[in-house]
Structure formats: structure tokens, C-alpha cells
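A short write-up of the structure that comes next.
Chains as they are written, first to last, in my numbering: chain A, 151 to 300; chain B, 151 to 300; chain C, 11 to 93; chain D, 11 to 93.
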């Protein structure tokens, strides 16, 4: 079973990794992806992340289930934050553990591509001048990244 | 410039990540790969890692330079341990930071594929019964993984 | 029928959720969108480019032709930008 | 010429390193391996499957046909198994 959490608070990748690897001799590889808030060349004071409670957990669980069906994983953790997040702060953690590196890499990248295009989160920019800026537009390159998994 | 360390001591992925992301607003993604010693179904008491001092650093620096030429990275850290490593302990860390997730994922996977087949390290098994076992044999699948990068 | 809205769809409709009695003959998401657009300009604005707005029925992504029979909660929102 | 050996090549040769005076006419890694194999059965054993043993000249991977002119340190070792 994957561990999935949607929360406003920051997360601790080291502690999450320890949960997946502690006391085990069968984990050969972990891949930890962390997505951070960028300042977009100093333009942003924060990103605001809105989400659809209930569906966010359900949709990520669906994607995680697909990853676990496609790759042999010993563990899979996804933590996605919501609320106001400042530049340099982490937004999302995907952590995949497996006996072998390729499964861990591919599962983590698969999860991120699907999270970007299927998980019900929406980012809005907050600008340095104190105003709320535009909603971030979905990128075609993210759709293309998702589609390559078939 | 990449950070490259060959050491007997364990490493701290969280601290290494903080070095690459601290105080920066341009990092959007980090991918941290950690390779662990497996017990191979309870057969192993440890892996012993021999390396070629001097060449190990030089070869990893060459591979890291190639990764930095191929992908737009804001940071790249590689730490490879040597000596006796027990099941569950980490052996290698590859940490890639970039504005965008795809570059971070691909650079980290590229580094690992090349480390497996080009970095002068050799693993020998130590068995539960206290004897030194066989040298680990190179895998064709690792060569194939390296070759796909062209 | 409970409807919920997110991000700029929520802003355009002007509310986060509402419960509406749907008239007969509304069988699919597309039917529902067509009916909402007839209800007022806030809905017309929210759905001005129907192809862009996504929908979910009971927390599951669906296409416009999906049936809404038996649905407890229908959501409308822009393309996702999480991760 | 300084030679260094690693892993099972080191075990078979029976030493971690040695400095040898090479006779004239040894221009490449392949020449050097051929000459070493003539020196004793420990080298014959280490290089019994020449295609498997890898070489580096001054910390750089090289092929058997590579020149050793001007080399300071030549290394022989099995295929790498790090990472």
C-alpha cells in the first residue's frame, strides 16, 4: 500500500525514506523527487495551491496503484502540500523504493507526470508587489509527458 | 561544478539537498537516488567495496561533466562509499537539482547507469557464515542501461 | 445535485459549491454544462471554452459524455497544475 | 612503469602494485598483457580471459590497442560493479 498525504505542513524526506528502508535488507534503491516553489526570476512571493479534498487523495491513490501494478516496488510515498508556499519551499515529495534502481526511477517519474496532469491541484501566483497574480496555466509538455506512459 | 566525494562514512541526503537548494528560488526539482546494500535473501552479512583512489574521483567527475553538458542542472552531487557496508546501509547518493523535473530525473538516472559500469568500484560479498564470498559479477543489463544514453 | 467548483471556474461562477435541482433530461456532463450556461452569465463565463473545463463525478475524472445518473457530487475545474 | 591491480585481478596477480622495467617493443596495452602473461602463471591466470580484464592509463579507461607511451600508471581490473 502506498502512503499518501495531503497537508499544509512541510515534510521530511529523510524521515519518510527511513520508514521505507528501516530494518529491511531487500531495498536496493530509493528515488526521492522533491518539487519546490520557484520565484520565477524574483517575480513571485509565493504560490497558492488549491486542491479538491477527497478527490486529491483518491486520485493520487489511483495513480499510485497503477505504479505499483507496473513496477515491483517495496514502498511508495506521496506527500502533496496545499496552501501558501514560498519560493525555495518544497511542494511535493514522491518517494519510490525497490530492489532495483530502474523500477524506482521509472515509478517516481511516472507518479510525477501523472500528479502534474491528473491530481486535482491548482496553482495561483502571488506576486512580489503583494497582489494575487494569475492561475498557472497547464502545460502541453506535461500532457505529453503523461501520454508517453501509454 | 559537481560535488563529488568518495568516502567510507555514511552520508546525509537531507543535508546535501539543503546545500543545493538553500536560499535559492530557481530550483524547481531535486531527484535524490540512494543505492542500498541488500542482504540477497538473508545470504549476505555485508558488501565490501574496493575502489581505485584517484581514478574513482576523476571518472565520476568526467561522467558528471557529461551530465552537466546534456542537462540544465543547478546542482549535482555524487557520494560513493567504499569499505564494508551492511545490508540496509546506503552505498551511493546521486542528487540532481534543476529548474525542471525532467532534467533532474534524467541526469540522476544517467549518472547511476554510468556509475554502475564506468566508475572503478568493485563489490565483494561477505556471507552470513563469516566467509568472504565471490566478487559480484558485472551485469549485461547494466551495460545495456548505459548504452541507451548513446 | 451537489456541484463544486475550483480555481478560476470557482471564481467565475462566484461560489465554491451549490445544490441544484436538475430538470428532467439532463443525463450527461455535457447536458449539465449546457443547462448551467442557460442559467446566467456567470456560468456562461465559466464555461465559455467548454473544452477546457474538466469534470469529475464523485471524485473520478470523466468526459463530457459521461452519465451523471446517481452522482452525489459533480466537480468542475480547470486543467490541473499540481506537482 | 607502475602497474596497479584491483579486485580479482589483484588477487590473481598476488599484489596490489609493482614497478616493472618494460622491454623494448611494448607499445600498447595488448602488448603489455602479452608480455605479462609470459612472465608467470599468476599473470596467465589473471589474464586468462583477456577480453574481460579492463585497463586504465593514468586514470582513464582505455582499449587494448591504446598506446602506453608516456604513461605513469597503468591499471588492470575486472568490469566495474559500483553504484
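Glycine included, C-beta positions come from ideal geometry on N, C-alpha and C. Because the structure is a prediction, the values reported are computed rather than measured.
For residue 219 of chain B, there is no enclosing beta strand (DSSP E); the residue is part of the alpha helix (DSSP H) that begins and ends at 205-220. No Cβ of chain C is located within less than 9 Å of the beta carbon of residue 235 of chain A. Looking at A:161, A:203, A:258, A:255, the one whose alpha-carbon comes closest to that of residue 15 of chain C is A:203. With a threshold of 9 Å between beta carbons, residue 171 of chain A makes no contact with chain C. The C-beta separation of residue 284 of chain A from residue 275 of chain A comes to about 6 Å, placing the pair in contact by the 8 Å criterion. Around the beta-carbon of residue 12 of chain C, fewer than 16 other beta-carbon atoms lie within 10 Å, marking it exposed. Annotation: Cβ neighbours of residue 242 of chain A in chain C (cutoff 8 Å, chain order): 92, 93. Of the residues D:84, D:93, D:31, the one whose Cα lies closest to the Cα of residue 40 of chain D is D:84. For residue 213 of chain A against residue 265 of chain A, the beta-carbon gap comes to about 7 Å, under 8 Å, which counts as contact. Neighbours of residue 57 of chain D in chain B, taken as residues whose beta carbon is under 7 Å from its own, are absent, since the nearest beta carbon is some 16 Å off.
Around the beta-carbon of residue 209 of chain A, 16 or more other beta-carbon atoms lie within 10 Å, marking it buried. DSSP, reduced to helix, strand and coil, places residue 30 of chain D outside both helices and strands of the structure shown, so it counts as coil. At least 9 Å separates the beta-carbon of residue 61 of chain C from that of residue 46 of chain C. Counting C-beta pairs closer than 8 Å gives three or more between the region 157-170 of chain B and the region 230-241 of chain B, which meets the contact rule. Inter-residue distance for residue 211 of chain A and residue 180 of chain A is about 19 Å (C-alpha atoms, whole angstroms). Going by DSSP, residue 248 of chain A is part of the beta strand (DSSP E) stretching over 240-248. Listed in chain order, the non-local C-beta contacts of residue 249 of chain A below 8 Å within the same chain comprise 176, 177, 178, 179, 222, 224, local neighbours out to five positions each way being set aside. In the DSSP secondary-structure assignment, residue 64 of chain D is bridged to D:87. As the crow flies, the alpha-carbon of residue 199 of chain B is around 15 Å from that of residue 243 of chain B.
Within the region 161-185 of chain B, the runs of alpha helix (DSSP H) that reach at least 4 residues and sit entirely inside it are, in chain order, 163-171.
If you check the CB distance, residue 260 of chain B and residue 216 of chain B come in under 9 Å. Nearest CB-CB separation between residue 285 of chain B and chain D: below the 9 Å threshold. Considering only D:82, D:29, D:52, the residue with the shortest C-alpha distance to residue 19 of chain D is D:52. Between residue 26 of chain D and the set D:93, D:92, D:91, D:87, the nearest pair of CA atoms involves D:87. Listed along the chain, the chain D residues whose CB falls inside 9 Å of the CB of residue 265 of chain B are 90, 92, 93.
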